[in-house]
Structure formats: C-alpha cells, structure tokens
Amino acid sequence: MAHAIRMPALGQSSDEMKLVQWFKAVGTHVDEGEPLFEAESDKTTLEVEAAATGTLLQVSCQPGEIVASGTVIAWLGEPGEALPSASAPASQAAAPANIPAAVEIGRPSPAGRGPSPDGRVQATPAARTLAREHRVELTGLVGTGPDGRIERRDVQEVIDKQGLAGSATPGSAIAAPGEEPVPPHRQVIARRLARAALVPHFSLSKTIDATAMRRLAAEVGGLTITHLLLQAVSAALLEHPALDRTWNDAGPFYRRLGRGDVGVAVVAGDNLIVARVPCPARLSLEELALTARRATALAREGRLTQEFAGPVAVTVSNLGMFGVDRFEAVIDPDQCAILAAGQIQDRPGVVDGTVRPVAQLDLTLSVDHRVAGGAEAAAFLSAISDRLERSDQPRT
Numbered sequence: 004m005a006h007a008i009r010m011p012a013l014g015q016s017s018d019e020m021k022l023v024q025w026f027k028a029v030g031t032h033v034d035e036g037e038p039l040f041e042a043e044s045d046k047t048t049l050e051v052e053a054a055a056t057g058t059l060l061q062v063s064c065q066p067g068e069i070v071a072s073g074t075v076i077a078w079l080g081e082p083g084e085a086l087p088s089a090s091a092p093a094s095q096a097a098a099p100a101n102i103p104a105a106v107e108i109g110r111p112s113p114a115g116r117g118p119s120p121d122g123r124v125q126a127t128p129a130a131r132t133l134a135r136e137h138r139v140e141l142t143g144l145v146g147t148g149p150d151g152r153i154e155r156r157d158v159q160e161v162i163d164k165q166g167l168a169g170s171a172t173p174g175s176a177i178a179a180p181g182e183e184p185v186p187p188h189r190q191v192i193a194r195r196l197a198r199a200a201l202v203p204h205f206s207l208s209k210t211i212d213a214t215a216m217r218r219l220a221a222e223v224g225g226l227t228i229t230h231l232l233l234q235a236v237s238a239a240l241l242e243h244p245a246l247d248r249t250w251n252d253a254g255p256f257y258r259r260l261g262r263g264d265v266g267v268a269v270v271a272g273d274n275l276i277v278a279r280v281p282c283p284a285r286l287s288l289e290e291l292a293l294t295a296r297r298a299t300a301l302a303r304e305g306r307l308t309q310e311f312a313g314p315v316a317v318t319v320s321n322l323g324m325f326g327v328d329r330f331e332a333v334i335d336p337d338q339c340a341i342l343a344a345g346q347i348q349d350r351p352g353v354v355d356g357t358v359r360p361v362a363q364l365d366l367t368l369s370v371d372h373r374v375a376g377g378a379e380a381a382a383f384l385s386a387i388s389d390r391l392e393r394s395d396q397p398r399t
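Under the numbering used here, the sequence shown is numbered contiguously, ending at residue 399.
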C-alpha cells in the first residue's frame with residue numbers, strides 16, 4: 004500500500020512551510036529514516052526523513068512552493084503501484100504522525116475538517132491572524148486547504164489582489180534615519196508574542212530544594228540542570244495528561260499530544276527557537292544529556308531534524324545561567340504551559356531543626372487557563388517539584 008508523505012507541522016512558527024529541496028528523485032529507492040526532503044519555516048530549516056521504505060512514486064510539490072502542514076506532497080510505494088485519487092477525502096488517508104488528533108470540546112470528535120455544523124469558518128490560525136491584521140473578512144472566502152480550509156496563502160492572495168497591505172505591509176515602509184528593518188525571524192517572534200498576549204493565563208510559583216539536582220548534575224558527565232527539568236516535566240506530563248494538550252480556536256478543540264515530549268527554549272543569537280525533546284522521562288540520564296545536547300545544537304544552527312521538531316504542550320525556559328533568580332515566561336500561543344527556572348542559590352533553610360545553607364531553585368509555571376485550571380496546574384507543578392527534589396533517588 005502506498006505511503007503518503009506529508010509536510011510536517013513544526014508547531015512553533017507557522018502552519019505552512021516552504022519546500023527547499025528533494026534529496027531523492029522520483030523512481031529512486033528510499034529507506035526508512037533516510038533524509039527525503041528539506042523544508043523551511045520563518046525561523047528554521049527542517050530535514051525530513053522518510054517514514055517508510057519504498058520507491059518515490061510521485062511528488063506533487065516542487066522546491067520553492069509553500070505548503071500547508073499535513074498536505075500530501077509525495078507518495079512512497081512499490082514500482083507501478085496505483086496511487087489514491089487526488090480527489091479522495093482527506094479523512095481517507097492516515098494522519099501524519101507528528102500532527103496529533105484534535106477533539107472538539109463538548110462534542111464528538113469530527114470525522115474530517117468540513118464546514119462546522121454551526122457555520123464557523125474553517126481557517127488555520129495563521130490565516131486568521133493575517134486576516135485580523137489586514138481586516139480581511141473570511142466569510143465567503145474559498146480555501147485551498149483540505150476540505151476547503153482557508154490557509155494563510157488564501158488570505159495573502161486577497162491582500163495582494165485588493166491592495167489591502169498598503170503601508171502596513173511588513174517591509175513596505177522605508178526606514179527613517181536611526182531606524183533599521185526588523186528581520187523576518189524577529190517579526191515572527193513579535194507576531195507570536197502579540198497572539199500570546201491574548202491567551203488567558205495564570206502563574207504558579209514554588210521554591211524547591213535543589214540539593215539532589217546539583218549533586219546529580221555534577222556526577223553525570225554532560226548532564227545539566229535544564230536536562231533534569233526536561234525529564235521532570237516529561238514524567239509529570241505522563242502522570243497528568245490534561246496538561247499534554249493544547250487549545251485550538253477552530254472548534255474550539257483540545258489537541259491531544261499525550262507523548263510526554265517537552266520543548267526546550269534555545270537562544271540562537273537574537274532568535275528564539277523551541278526544540279522538541281522526545282519523551283525525556285523514558286531516557287536514561289546519559290541518553291537524556293546526549294539527546295538534549297543534539298537538539299539544542301541543531302536549534303542553534305537553525306537546522307532542526309524531524310526528530311526534534313513538532314508540536315509540544317509544555318516548554319522549559321531556564322535563565323539560571325544568566326544569573327536570573329526568578330521570572331515568568333510567556334506561553335507560546337500554540338502551547339499549554341511554560342516552566343521558567345532561575346539559578347540555584349544557597350539560602351538559609353531549616354533542616355532537622357537547624358538553620359543552614361540549602362540549595363534552592365525557584366520555579367514558575369505559566370498556564371493557559373482554557374486548557375487547565377488552578378488545581379490541575381498545581382498538581383502538575385507538585386509532580387515536577389517532587390521528582391526534582393528526588394533526582395538522585397532510583398526511578399520506579
């Protein structure tokens with residue numbers, strides 16, 4: 004049976020990506036795990052590996068084209084094998100592995116992405132954001148996405164045809180003396196921060212005993228405090244799956260992830276990239292250190308591989324290495340929560356009735372209130388804290 008190759012969802016910048024190049028030509032054999040094509044978002048480049056073994060039978064997207072995440076762009080299979088009709092409903096093809104299922108809040112899960120029963124326009128978040136920025140009415144607009152979903156490119160086409168961009172179009176104004184153009188990646192960050200400001204959220208803080216964390220990080224080569232934070236968050240997500248999901252305005256839906264994957268915020272110059280670390284809770288400490296370091300290095304180079312790209316519900320942001328004691332991080336608008344960590348400090352504490360220096364770490368969890376309530380978030384933060392304080396104890 005032919006295997007559909009889809010444009011992946013990066014989950015942190017855009018729901019559309021540009022195809023940069025194919026590493027294989029039509030008619031050539033491809034092994035599972037072999038690099039197949041390269042795609043590019045506004046913030047990073049992604050090398051995508053083949054998810055199956057077979058012959059590259061057909062490609063429907065050429066380098067330079069911008070494609071919506073989840074769109075079938077090629078087929079793998081046996082030579083001469085018949086391919087599914089291009090007009091077949093999207094629901095007949097298997098969903099890509101890195102685009103998780105969405106469950107409509109208060110309603111049964113829909114079979115496809117057709118028009119909603121209440122008449123709500125089906126459009127991607129990027130399309131809605133661009134439409135709001137340029138006052139484009141989505142009602143009546145014909146989309147080019149699956150089942151008529153309106154994509155960002157559809158809105159951009161309306162803007163281009165009607166001349167709606169005007170002086171507000173990014174890059175159209177001439178910088179005055181003392182001004183400089185904002186680079187594309189900073190524009191992406193700015194747009195996402197503007198969306199993040201609309202997320203109803205709350206924050207919870209807790210100070211923990213970091214003695215075990217400090218000891219373990221010193222004992223295991225290559226292991227850092229950030230790595231331990233990633234593992235603790237992952238384990239807590241497996242215990243509290245209600246936090247391993249995100250909000251989607253389109254339904255509205257809860258988009259369930261449920262894998263225990265965690266994002267790590269990586270600074271690359273003046274860019275900020277979130278790399279996905281696959282389920283750190285299931286890794287040994289040595290594997291954790293190696294995997295997290297690979298993810299961070301690739302993010303800094305702007306060349307994430309598919310292993311480290313994709314949606315996550317929670318990200319870890321650690322500014323302790325910069326001497327920060329405590330801070331509140333901004334939730335990515337496409338995520339559920341973010342854990343902010345400061346530096347470990349020796350502070351006076353009471354141990355067995357005696358005041359003595361204790362290694363302490365301040366944690367702040369910011370949560371999208373639409374996804375989780377205060378009690379759920381508090382239990383999640385407690386699970387993280389308990390694991391961190393027992394970092395040097397055998398895992399069960």
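Cβ coordinates follow ideal geometry from the N, Cα and C atoms, glycine included.
Of the residues the options, the one placed nearest residue i, counting alpha carbons only
i: T318; options: E154, T147, G263, V358; result: G263
i: G376; options: H204, A126, T367, L233; result: H204
i: L366; options: L391, E379, V354, P360; result: L391
i: P66; options: G73, P87, K27; result: K27
i: M324; options: A54, L231, A344; result: A344
i: G261; options: N251, S237, G254, P255; result: S237
Bridge partners - residue i, DSSP secondary structure assignment
i: I341; result: T318, S369
i: G80; result: T58
i: T249; result: R258
i: S208; result: T367
i: V487; result: The structure shown does not extend to residue 487, since the chain is modelled only from 4 to 399, so the question has no answer here.
i: K21; result: E43, I69
i: T308; result: E50
i: I153; result: A126
i: R359; result: G352
i: H137; result: H137 is not bridged to any residue.
Extent of the continuous beta strand (DSSP E) to which residue i belongs
i: R258; result: 256-259
i: V124; result: That residue, V124, is in no beta strand (DSSP E); it is neither H nor E in DSSP.
i: G352; result: 348-354
i: I69; result: 69-71
i: L49; result: 48-52
i: E43; result: 38-43
i: I8; result: 6-9
Backbone CA spacing between residue i and residue j [nearest angstrom]
i: S44; j: T56; result: 26 Å
i: Y257; j: A71; result: 20 Å
i: N274; j: E304; result: 11 Å
i: D337; j: L60; result: 34 Å
i: T48; j: G352; result: 47 Å
i: V361; j: L384; result: 21 Å
i: L22; j: V62; result: 11 Å
i: E1; j: R350; result: Because the chain is modelled from 4 through 399, residue 1 falls outside the range shown and cannot be assessed.
i: A96; j: A7; result: Here the model assigns A96 a pLDDT of 39, short of 50, so the residue's position is not dependable, and the following value carries that caveat. About 8 Å.
i: P197; j: E290; result: For the sequence presented, residue 197 should be read as Ala rather than Pro. Rounded to whole angstroms, A197 to E290 spans 37 Å at the Cα level.
i: L233; j: E35; result: 28 Å
i: P283; j: E84; result: 39 Å
i: N221; j: V358; result: Note that residue 221 is Ala in the sequence shown, not Asn. Each residue's alpha carbon lies about 25 Å from the other.
i: L246; j: R259; result: 9 Å
i: P82; j: E154; result: 33 Å
i: H32; j: I76; result: 17 Å
i: E37; j: I276; result: 25 Å
i: A378; j: T58; result: 51 Å
i: A381; j: L368; result: 9 Å
i: A271; j: D355; result: 44 Å
i: L240; j: A292; result: 19 Å
i: G86; j: G80; result: Looking at the sequence itself, residue 86 is Leu, so the reference to Gly does not match. So the alpha carbons of these two residues sit roughly 9 Å apart.
i: E136; j: A193; result: 13 Å
i: V202; j: D371; result: 6 Å
i: Q396; j: R218; result: 11 Å
i: M10; j: V191; result: 20 Å
i: P118; j: P314; result: Residue confidence for P118 is low, a pLDDT of 47 falling below 50, so the modelled location carries little weight; the figure read from the coordinates is stated next. Rounded to whole angstroms, P118 to P314 spans 25 Å at the Cα level.
i: D389; j: H243; result: 14 Å
i: V267; j: G146; result: 34 Å
i: Q309; j: P180; result: 42 Å
i: C339; j: G30; result: 42 Å
i: S208; j: V333; result: 14 Å
Cβ distance (whole Å) where residue i is taken to contact residue j below 8 Å
i: R285; j: G225; result: With a Cβ gap of about 18 Å, R285 and G225 do not count as contacting.
i: A302; j: V269; result: 4 Å
i: A278; j: T299; result: 6 Å
i: F330; j: L322; result: 6 Å
i: I387; j: A235; result: 5 Å
i: W78; j: A126; result: The pair is not a contact, with the Cβ atoms about 27 Å apart (cut-off 8 Å).
i: Q159; j: L133; result: 7 Å
i: D335; j: A199; result: 7 Å
i: T210; j: Q363; result: 5 Å
i: V124; j: V139; result: Not a contact, Cβ separation roughly 11 Å.
Segment limits, alpha helix (DSSP H) that includes residue i
i: R296; result: 288-304
i: I228; result: 228-242
i: L219; result: 214-222
i: F383; result: 377-392
i: A197; result: 187-199
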